[in-house]
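Numbering (the UniProt record's numbering), first residue to last: 1 to 348. Ideal Cβ positions, reconstructed from N, Cα and C, are used throughout, including at glycine. Report on the following structure.
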């Protein structure tokens with residue numbers, strides 16, 4: 001079996017954790033493959049670019065893909081439907097016997113496929129043999145927008161060799177945010193909640209990059225207890241999670257967020273926004289709390305309440321987080337993906 005993984009999300013120096021879950025899957029699948037099977041990967045690294053830079057970046061990627069059109073693969077596995085479906089569709093035209101698998105991660109179907117273009121993408125989607133949405137909410141969208149049947153609902157998996165609870169580690173931060181500093185990740189809501197709280201004794205760690213970095217630095221100048229970390233490796237993120245009491249992510253749009261599950265694998269409960277994707281993950285009061293979307297006032301109250309809870313209550317939350325989603329380890333997920341590949345070839 002010859003496998004090609006295709007993705008427009010992959011880590012780079014500028015964004016060390018962007019698309020890291022695709023890289024993790026590639027490495028794990030490579031590890032578990034029998035000696036007679038092979039896996040290659042075609043990827044675009046995540047970088048900060050202008051609009052023109054983004055266009056040129058994709059033109060370059062399309063040109064770089066040309067040699068792959070002349071190689072034979074049994075399985076082509078695309079991560080993120082849009083925009084590289086064009087490349088995979090073309091590959092399928094040239095190699096009609098190959099099986100195409102697509103993992104839908106979130107914005108590639110929630111935002112990029114809409115009323116104005118869905119008929120166009122429905123035609124391209126006919127090249128797809130097997131769909132893997134990472135969550136239930138996304139599965140409904142894939143079915144509705146692209147008229148595709150759902151193969152498996154399968155999150156990307158958490159590497160439990162990297163993310164785990166460290167024993168006897170000191171808690172240095174009350175709350176931690178990991179992700180891009182953008183409206184989509186809801187960092188503006190978190191910043192507003194911190195300002196409303198106006199408590200310098202509550203400590204926050206922000207890991208990521210983006211346009212809201214200046215506002216975080218303004219909070220630092222105003223003597224709020226803010227730490228900013230950038231370009232952290234996954235082991236470094238594990239250490240920071242273990243040093244934190246609670247994880248915050250107030251996203252407006254997600255697939256099946258991996259950062260929240262990584263947090264839980266470290267025994268860190270979470271606060272999230274009230275969107276369907278988080279409702280698939282959070283058991284209120286057991287492994288975390290859900291706050292109305294964009295509601296900085298309610299978030300500030302939740303932060304204050306959790307900051308003041310007793311040690312015994314926090315321990316229950318931590319244990320609840322630790323016992324969540326054990327089945328979603330990277331190893332388990334990749335075994336399922338490899339079995340999907342084998343079943344597709346058997347049915348050919």
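Below 7 angstroms CB to CB, which residues in the same chain sit around residue 169 once its five sequence neighbours on both sides are set aside? 242 and 243
Should residue 52 and residue 1 be called a contact, given that it needs their Cβ atoms to be closer than 9 angstroms? With contacts defined by Cβ atoms closer than 9 angstroms, residue 52 and residue 1 do not form a contacting pair.
Just verifying my parser: in three-state terms, what is the DSSP assignment at residue 202? coil
Could you check whether the stretch 247-254 touches the stretch 180-190, counting it as contact only if at least three pairs of C-beta atoms, one from each stretch, sit closer than 8 angstroms? yes
Residue 54 burial status per 10 Å Cβ neighbour count (16 or more: buried): Classification for residue 54: exposed.
Cα-Cα separation, residue 109 to residue 141: 7 angstroms
Sheet register partners of residue 207 (DSSP bridge): In the DSSP output, where bridge partners are listed per residue, residue 207 has 178 and 229.
Going by CA-CA distance only, name the one from 73, 42, 255 and 174 that's closest to residue 65. 42
Validate contact between the stretch 130-150 and the stretch 162-176 using beta carbons, cut 8 angstroms, 3 pairs: no
Anyone know if the C-beta pair for residue 26 and residue 44 falls short of 9 angstroms? no
Between which residues of its own chain and residue 317 is the CB-CB distance below 6 angstroms, once the five residues before and five after are set aside? 269
Compute the Euclidean distance between the alpha carbons of residue 39 and residue 231, then round it to the nearest angstrom. For residue 39 and residue 231, the distance between alpha carbons rounds to 28 angstroms.
For the alpha helix (DSSP H) containing residue 31, name the first residue and the last one. 20-32
Within 10 angstroms of the Cβ of residue 350, are there 16 or more other Cβ atoms? Answer buried if so, exposed if not. In the structure as shown, the chain starts at 1 and stops at 348, and residue 350 therefore has no counterpart that could be examined.
If distances are taken between C-alpha atoms only, which option among 28, 289 and 265 comes closest to residue 167? 265
Cβ neighbour criterion (16 or more within 10 Å) applied to residue 329: Residue 329 is buried by the Cβ-count criterion.
Is the stretch 298-313 in contact with the stretch 205-212, if contact means three or more CB pairs nearer than 8 angstroms? no
I think residue 280 touches residue 103, with their Cβ atoms under 8 angstroms apart; what is that distance to the nearest whole Å? Between residue 103 and residue 280 the Cβ distance is about 16 angstroms, and since that is not below 8 angstroms, they are no contact.
Length at least 3, wholly inside the stretch 253-303: the beta strand (DSSP E) runs in chain order: 270-273 and 288-291
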